[in-house]
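Note that the protein sequences, when read in sequence, are chains A and B.
Sequential numbering of the first sequence, starting at 164, is according to this note's numbering.
Sequential numbering of the second sequence, starting at 8, is according to this note's numbering.
All residues carry an ideal CB built from backbone N, CA and C; glycine is no exception.
I have placed the structure first, in the form of structure tokens, so that the comments after it can refer back to it.
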Amino acid sequence: MAAFKETKLPADAPAADKALGWIDDRFPLSKLWNDQWGKYYAPKNFNFWYIFGSLAMLVLVLQIVTGIFLTMHYKPDAGMAFGSVEYIMREVPWGWLVRYMHSTGASAFFIIVYLHMTRGLLYGSYRKPRELIWLFGFAIFLCLMAEAFFGYLLPWGQMSYWGAQVIVNLFGAIPFVGDTLSLWIRGDYVVSDATLNRFFAFHVIAIPLVLLGLVAAHLIALHEVGSSNPDGIEVKDNLGPDGHPVDSIPSHPYYTVHDLFGVSVFLVIFSAVVFFAPEMGGYFLEYNNFIPADSLKTPSHIAPTWYFTPFYSVLRATTADFMYVLMAAVAGYVVFIWLKSRLAFKTKAIIAVVALLMIVGMQILEAKFWGVVLFGSSVMILAGLPWLDHSPVKSIRYRPDWHKYVYLVFGLSFVTLGYLGTQLPTPAFTMVSQLCTLLYFSFFLLMPWWSTMGSFKPVPNRVTFHPH
Amino acid sequence: MKVVEWRGKPVWILRRTPDMLASLPKNDDKVADPHSDKVYQLPMPEYCKNETRSRAEHKEVLVVVGICSHLGCSPSSRFAPGAQPNLPDDWTGGFLCPCHGSTFDLAARVYKNKPAPSNLDVPPYMYLSDTRIVIGKDEKGDA
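See below:
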């Protein structure tokens, strides 16, 4: 450790400079700002897709601030919760605005995060050396889902109640320990005051704390290895005389201005929703949630909020008949691995044994359990992307053209699953969601093969950039 | 149908018409567990282990816990037989779970190939008189 050194400024230096010098001697304020944003060099060819990281940050702040004010008036008590939310809506000055900002913010958060993840998928942002950024981001996504789920119980409406009932019972499908586990989560035999209180604790303190830590880790990791870009090339391979990549520009002021423009556009849309369509036709706030929780009656049309529906459809698609398709798919996949992969014999043997256990398990255990397994896997599989993608190029720009159709089919399956999750199940819809479930998983599980196939276009040395 | 609360859960008390009762044997090969051998959360009371899943005193009265054995929603009553949205064309009347589409017949037996693995629970119950039922208690004592 170097000895303490006081910054010496001329006596007539501005007071602000002196104050900053005083702080910088004691805390690395300027250094933090410069490392994390001010002199953080980012590729100059960012496009529209690169706005969502900053927007997610903005929405996180909005959610925390509006959440604090909601907590001042909300009562986490089964007897008073619904009434206190209505009190916020009708009596608390500007309460309706704060609440609508918070509820619209939740949906906005997911829209932004899904677009942010799409960007990662299109331009291979998760590829080496950015695996940890992706994993931290994935953990943030899990936290967001938990946050949304816990938060949705708090208004104590019909959808709150029955949504929580269904999700907590998902854990009940785990063999042997399931019932005890869901009892432990609920804190009661039915969703009740005890459940509401603990969900409140998770929603306002536990998950946000973890979330903030993960966001910090996500950003520190990003600023350590540097941002990727739409061309998927490493700008750090080409340094200029000043030691900074020639294709990069400091975030401040360039991306500050860029992001402020994005924020303005976002806030226009966000405000329009908050003021004119806060319920968004029942997608952002479901109509049944304006009815107080009734433990004796499930609403006749129940669906989770839109951001969960793709995964929920996977759960619903897993019926007893579908298990045979799954068994065949697992068996086929193992044969495929044995024939087509260069994995060690031991690894292949382990995969075969695991698959065999799964097939036996599929015959013994109920479809209900496997539905939960598939539901969980459909989310968790995202974490594997950095290791599943073996394509020689990162960005979709230099991939074979037919790869674009693979992404399109995957995107359509995901959106279709999402749409079907909002609808009542019919035999035809179930068939479609089963097909989409297979397509969804094939996209990931076959990625090590298809991502290397085809003729790739040459990747340029410098980023594609047209000065404005 | 009357819905009452028992242990925080809905219990349905349904008086079935002779037509409704007559539909039950026809469903035997369409339901997953026609004789209620599988247990969900409560053991099946011996006195209800029969075709109508009810006590001998009032065969027409069905008493079940209205909580789906899949993920715990309360199915809605769809008593009208025949083709209708979200139900098969040969529907004989019963219950449809709004959450994941499990269907149950008028003895609350789950149809095959649905997400729900077992029939709805029949709680222990007994008749105090012809018009009074006590739920959660039978000749063997309190549940």
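8 Å Cβ cutoff met for residue i and residue j
i        : j        : result
A:Met252 : A:Gly246 : no
B:Cys75  : B:Ala39  : no
A:Leu132 : A:Ile303 : The shown model of chain A, from 164 to 631, leaves out residue 132 of chain A, and the question about it has no answer.
A:Val622 : A:Tyr561 : yes
B:Ser125 : B:Tyr47  : yes
B:Val72  : B:Pro131 : no
A:Gly389 : A:Lys399 : yes
A:Leu478 : A:Phe424 : no
A:Ala483 : A:Ala530 : yes
A:Lys291 : A:Pro563 : no
A:His279 : A:Phe215 : yes
B:Val160 : B:Ser83  : This structure leaves residue 160 of chain B out entirely; chain B is present only between 8 and 150.
A:Pro462 : A:Gln321 : yes
Backbone CA spacing between residue i and residue j [nearest angstrom]
i        : j        : result
A:Val420 : A:Leu545 : 32 Å
B:Thr24  : B:Ala115 : 15 Å
A:Ala357 : A:Arg349 : 7 Å
B:His65  : A:Phe273 : 53 Å
A:Val498 : A:Val535 : 25 Å
A:His464 : A:Leu183 : 59 Å
A:Glu397 : A:Met220 : 25 Å
A:Ala174 : A:Val224 : 39 Å
A:Val222 : A:Thr472 : 22 Å
B:Gln91  : B:Trp98  : 8 Å
A:Leu233 : A:Phe606 : 41 Å
A:Asp188 : A:Ala311 : 42 Å
A:Trp185 : A:Lys194 : 14 Å
B:Cys80  : A:Ser614 : 42 Å
B:Ala150 : B:Val141 : 11 Å
A:Ile527 : B:His77  : 17 Å
A:Phe628 : B:Lys121 : 55 Å
A:His631 : A:Pro588 : 51 Å
B:Ala63  : B:Pro52  : 12 Å
A:Val255 : A:Ile231 : 14 Å
B:Arg85  : A:Tyr603 : 34 Å
A:Asn128 : A:Pro338 : No answer is possible for residue 128 of chain A: the residues shown for chain A start at 164 and end at 631.
B:Phe102 : B:Val68  : 16 Å
A:Leu583 : A:Leu307 : 22 Å
Reference residue i; option with closest CA among the options
i        : options                                : result
A:Asp552 : A:Leu609, A:Phe592, A:Met521           : A:Leu609
A:Gln328 : B:Cys106, B:Tyr118, B:Gly101           : B:Cys106
B:Gly100 : B:Gln48, B:Pro92, B:Ala87, B:Tyr47     : B:Ala87
A:Ser391 : A:Ala494, A:Ser434, A:Pro408           : A:Pro408
A:Pro611 : A:Phe485, A:Phe508, A:Trp196, A:Ser504 : A:Ser504
A:Trp565 : A:Ser618, A:Thr627, A:Lys557           : A:Ser618
A:Gly268 : A:Trp613, A:Phe438, A:Asp422, A:Leu385 : A:Phe438
A:Asp394 : A:Ala380, A:Arg282, A:Ile513, A:Thr615 : A:Arg282
B:Asp35  : B:Tyr118, B:Arg22, B:Lys144, B:Pro50   : B:Tyr118
A:Ser434 : A:Arg262, A:Gly242, A:Met235           : A:Arg262
A:Leu218 : A:Ser270, A:Phe532, A:Tyr603           : A:Ser270
B:Asp26  : B:Thr59, B:Lys45, B:Pro95              : B:Thr59
A:Phe301 : A:Met543, A:Pro371, A:Phe485           : A:Met543
A:Tyr237 : A:Tyr289, A:His366, A:Thr170, A:Trp347 : A:His366
DSSP bridge partner residues for residue i (one or two, in chain order)
i        : result
A:Phe628 : Answer by DSSP bridge pairing: none, since A:Phe628 is not bridged.
B:Ile140 : B:Tyr134
A:Leu402 : A:Pro408
B:Ser83  : B:Leu103
A:Val542 : Paired residue(s): none; A:Val542 is not in a bridge.
B:Thr110 : B:Leu103
B:Ser69  : Note that residue 69 of chain B is Leu in the sequence shown here, rather than Ser. B:Leu21, per the DSSP bridge assignment.
B:Trp13  : B:Lys16
Any non-hydrogen atom of the ligand ADP within 7 Å of residue i CB
i        : result
B:Pro130 : The model on display carries no ligand, and the ligand ADP is accordingly not part of it.
Three-pair Cβ contact test at 8 Å for the stretch 309-316 of chain A versus the stretch 571-582 of chain A: As far as the Cβ criterion goes, the stretch 309-316 of chain A does not touch the stretch 571-582 of chain A, which means the pair count is below three.
Please determine if the stretch 168-178 of chain A and the stretch 586-606 of chain A are in contact, where contact requires at least 3 C-beta pairs separated by less than 8 Å. Counting C-beta pairs closer than 8 Å gives fewer than three between the stretch 168-178 of chain A and the stretch 586-606 of chain A, which falls short of the contact rule.
Any 3 or more C-beta pairs closer than 8 Å across the stretch 416-434 of chain A and the stretch 452-466 of chain A: no
Is the stretch 411-426 of chain A in contact with the stretch 199-215 of chain A, if contact means three or more CB pairs nearer than 8 Å? Under the Cβ criterion (8 Å, minimum of three pairs), the stretch 411-426 of chain A counts as touching the stretch 199-215 of chain A.
Would you call the stretch 489-497 of chain A and the stretch 514-533 of chain A in contact, with 3 or more CB pairs under 8 Å? yes
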